[in-house]
Amino acid sequence: MAFKHYDVVRAASPSDLAEKLTHKLKEGWQPFGSPVAITPYTLMQAIAAEGDVVVSGATEPDWFYVVVLAGQSNGMAYGEGLPLPDSYDAPDPRIKQLARRSTVTPGGESCTYNDIIPADHCLHDVQDMSTLNHPKADLSKGQYGCVGQGLHIAKKLLPYIPNNAGILLVPCCRGGSAFTQGAEGTFSADAGASQDSARWGVGKPLYQDLIARTKAALQKNPKNVLLAVCWMQGEFDMSAATYAQQPALFTAMLKQFRADLTVFNAQCHGGSAVNVPWICGDTTYYWKNTYATQYDTVYGGYKNRESEGVYFVPFMTDGNGVNTATNAPAEDPDIPASGYYGAASRTNGNQVSSNRPTHFSSWARRSIIPDRMATAILNAAGRTSAFISGKAPEIKPSPGGNTPSGPSEDASVRTISLLPTAGEAAAQGWTIKDGGIQLSGGVFKIAKQSNKTWSLMHPVDDAVSLLTRGGRLSCKFRLSGALTNNQFGLGIYLYTDVALPDVVAMTGTGNPFLMSFFTQTTDGKLNLMHHKKAGNTKLGEFGNYSNDWQTLELVFTAGSATVTPKLNGVAGPAFQVIKDSLTLGLNALTLTDITKNAAYGVEIESLVLEINAPAA
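Numbering-wise, UniProt numbering puts 23 at position 23 of the sequence shown, and it's gapless, one number per residue.
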């Protein structure tokens, strides 16, 4: 049996998979192997066909999740490698964009400003990249312009949204734009920002373009929902003497954007523009190496702002610590035998920049960038009832009128997690200090550096809510290495400097420590210990030390300092967390190996911290 065609079907549930496979069988496909759960919410089934297949007529989406793309060059089509519209960069009928140019593609079908048109590898941003063709491009095959990540971010989101929904991209990027330098340009209601617009800020033409096109996308259909803003900007501010002003100017623009969208709260994720996440992407290694101090100020300004709905996504390196590929010729070489020609084939006349490492490559824009951006969107906005049920958000009329008041969502549990199914730790909001973390074989493996204590941290801006509302920490881990008496393993810490409300009584002096626990071996047993300045106490035993998987669960009782532990499924006596003068884990869930001396190796299969929703 010789198969000519291969494909995959993704679905959110067994019933969804069965429905999609039924359609594929009618087209001439057949299952190839068994279905695989690639995430807790996604099933994937490989399919194959011997002969030609019948392609069903694509159905236009009934409504759209709107994803806005804004910023400067690394947020748009600046990948110099050959576009591949027949394979890697193939459009999808459920992914659209708002038009800006006069034709959908160069020399193609005509369109007008803000029409809904198909999205491809080279979106209609403020700066037109559609004419900067690769010297090896076959324009008859649609290989025009350069490659961006917008299409690929949308492709990553498609498996998680209802079948009758699509993704509507709103491209608003302009290469070389900044808050602290650059020409302002002009704005017109029927054409948007002029191509020479290069200045971000409240009231600037680029901002007017951003807010006007976002509103236009929502006005297309009252069912459309603003899901997220993907923002990548900061490089040109770093090269300005006034770079330190960028974070405040960005924040002012963010607040104005949300204020200007309040009339559209009904069509925003969570029922309010304030709830729409801004997913702020990193830049290339060149910029950090060249402007180290400025980088910490500008890109550091995007970090640790989850409570404001701002989420930083690192791109500097991949999961192995290798620099993410740029347009540098060595990082995007030609592969003549495969018919692929990379940035290496471009010359001064058709490069996006003569400084090649300043921009991510086409391959990065097809892989690591959309992978991490889409994951961040799903983590920030994809755990609602609408996403989990696979249904369209319910739009409720506002009191006293017909204007929708927003998607109906029950108050959800606040979740922080470290899960192999969600991708690399960095994409899930974790940072590691004095150590390394690698996702391998479905497990996170943490590497210790000589004479250093590693710390793996995730911000928790509402830590005190774990005491007031209650919640749960669940962790599955294992230790490696031979038994050594009194040696440390995994430690878990979290404290806050926020004053406790009256409803929570806690003893001790210092700051409220919600977690100060570590594992340690004594007398051949693996113990859970409560770390306290006044003297550690033993909370329970996992059993005899081994390199097997261990499970830890800590249940926090709402309105108190009471915690009930469960070790390998066996509940132990409840205890009280206390105020203390330790210094590890300020407003950040922190995993650590406790000591710079020898310690057990740590691997993590899963970790989830849940903070309950407020009481009704």
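Yeah, the Cβ is synthetic: ideal placement off N, Cα and C, and Gly gets one too.
CA-to-CA distance, residue j to residue i, given in whole angstroms
i           : j      : result
Arg469      : Val274 : 23 Å
Ser480      : Gly601 : 5 Å
Thr297      : Thr283 : 13 Å
Thr564      : Phe556 : 7 Å
Gln143      : Asp86  : 9 Å
Leu84       : Asn133 : 13 Å
Ala178      : Arg478 : 47 Å
Asn402      : Ser34  : Confidence at Asn402 is low in this model, with a pLDDT of 35, below 50, so the placement of that residue should be treated as unreliable; the coordinate-derived value is given next. The alpha-carbon atoms of Asn402 and Ser34 are separated by roughly 48 Å.
Val8        : Gln45  : 6 Å
Gly281      : Ala325 : 15 Å
Lys303      : Ala216 : 30 Å
Ala411      : Ala613 : Here the model assigns Ala411 a pLDDT of 39, short of 50, so the residue's position is not dependable, and the following value carries that caveat. About 6 Å.
Ala292      : Gly182 : 22 Å
Phe444      : Glu603 : 6 Å
Trp363      : Ala337 : 18 Å
Tyr160      : Ser581 : 44 Å
His531      : Leu500 : 21 Å
Asp497      : Thr595 : 24 Å
His359      : Ser73  : 8 Å
Asn597      : Thr484 : 13 Å
Ser560      : Gly471 : 11 Å
Asp138      : Asp334 : 16 Å
Ser385      : Gly270 : 10 Å
Pro407      : Gly390 : Confidence at Pro407 is low in this model, with a pLDDT of 34, below 50, so its placement is unreliable and the value that follows should be read with caution. Rounded to whole angstroms, Pro407 to Gly390 spans 14 Å at the Cα level.
residue 636 : Tyr286 : Past the edges of the chain, shown from 1 to 616, lies residue 636, and the structure says nothing about it.
Asp120      : Arg356 : 24 Å
Phe3        : Trp29  : 10 Å
Tyr493      : Ser516 : 5 Å
For residue i, the first and last residue of its enclosing beta strand (DSSP E)
i      : result
Gln97  : Ile95 to Leu98
Met238 : From DSSP, Met238 is part of no beta strand (DSSP E) but of the alpha helix (DSSP H) over Glu235 to Met238.
Ala70  : Trp63 to Gly71
Ala447 : Val443 to Lys448
Ser140 : Premise fails: Ser140 is in no beta strand (DSSP E) and is neither H nor E.
Val313 : Val310 to Val313
Arg305 : Here Arg305 belongs to no beta strand (DSSP E), and DSSP marks it neither H nor E.
Leu439 : Gly435 to Ser440
Met76  : It is not in any beta strand (DSSP E) - Met76 carries neither H nor E in the DSSP assignment.
Ser110 : Where Ser110 is concerned, there is no enclosing beta strand (DSSP E), given that its DSSP letter is neither H nor E.
Trp278 : Trp278 to Gly281
Arg414 : Arg414 to Leu418
Pro135 : It is not in any beta strand (DSSP E) - Pro135 carries neither H nor E in the DSSP assignment.
Pro91  : Here Pro91 belongs to no beta strand (DSSP E), and DSSP marks it neither H nor E.
Pro118 : Ile116 to Pro118
Start and end residues, alpha helix (DSSP H) containing residue i
i      : result
Ala252 : Gln246 to Asp260
Tyr600 : Premise fails: Tyr600 is in no alpha helix (DSSP H) and is neither H nor E.
Ala292 : Ala292 to Val298
Thr468 : Ser465 to Thr468
Lys155 : Gly150 to Leu157
Bridge partners - residue i, DSSP secondary structure assignment
i      : result
Asn511 : Asp580
Gly585 : DSSP, once it has assigned bridges, lists no residue as partnering Gly585.
Asn265 : Answer by DSSP bridge pairing: none, since Asn265 is not bridged.
Phe3   : Answer is none; Phe3 lacks a bridge partner.
Tyr340 : Ile335
Met44  : Arg10 and Val36
Pro459 : Ala588
Lys608 : Looking at the sequence shown, residue 608 is not Lys but Val. DSSP lists Ser417 and Ser474 as partners of Val608.
Asn323 : Thr317
Thr103 : Ser110
Gln30  : Ala48
Cys230 : Leu69 and Ile279
Closer than 8 Å to chain C by CB, residue i
i      : result
Leu151 : In the structure shown, chain C cannot be found, because there is only a single protein chain.
Subject >> Minimum length 3: unbroken beta strand (DSSP E) runs contained in the stretch 348-402 >> reply: 395-397
Subject >> Length-filtered (4 minimum) alpha helix (DSSP H) runs lying within the stretch 161-226 >> reply: 205-219
Original post:
Does the stretch 567-576 come close enough to the stretch 370-381 that 3 or more CB-CB pairs lie under 8 Å?
Top reply: no
Subject >> Touching by the beta-carbon criterion (3+ pairs, under 8 Å), the stretch 453-467 and the stretch 509-520 >> reply: yes
Original post:
Is the stretch 438-454 touching the stretch 540-551, taking contact as three or more C-beta pairs under 8 Å?
Top reply: no
Original post:
Given 8 Å as the limit, is there contact between the stretch 430-443 and the stretch 315-325, that is, 3 or more CB pairs closer than that?
Top reply: yes
Original post:
Of all the beta strand (DSSP E) runs that stay within the bounds of the UniProt domain "DUF6645" (467-577), which reach a length of 3 or more residues?
Top reply: 471-480, 488-495, 511-522, 525-530, 537-544, 550-556 and 562-567
Original post:
Counting Cβ pairs, one atom from each stretch, are 3 or more of them under 8 Å apart for the stretch 111-130 and the stretch 88-102?
Top reply: yes
**OP:** Would you be able to state if there are at least three C-beta pairs under 8 Å between the stretch 57-75 and the stretch 226-236?
**Re:** yes
**OP:** Determine, using beta-carbon pairs with one atom in the stretch 187-194 and one in the stretch 152-169, whether at least three such pairs fall under 8 Å.
**Re:** no
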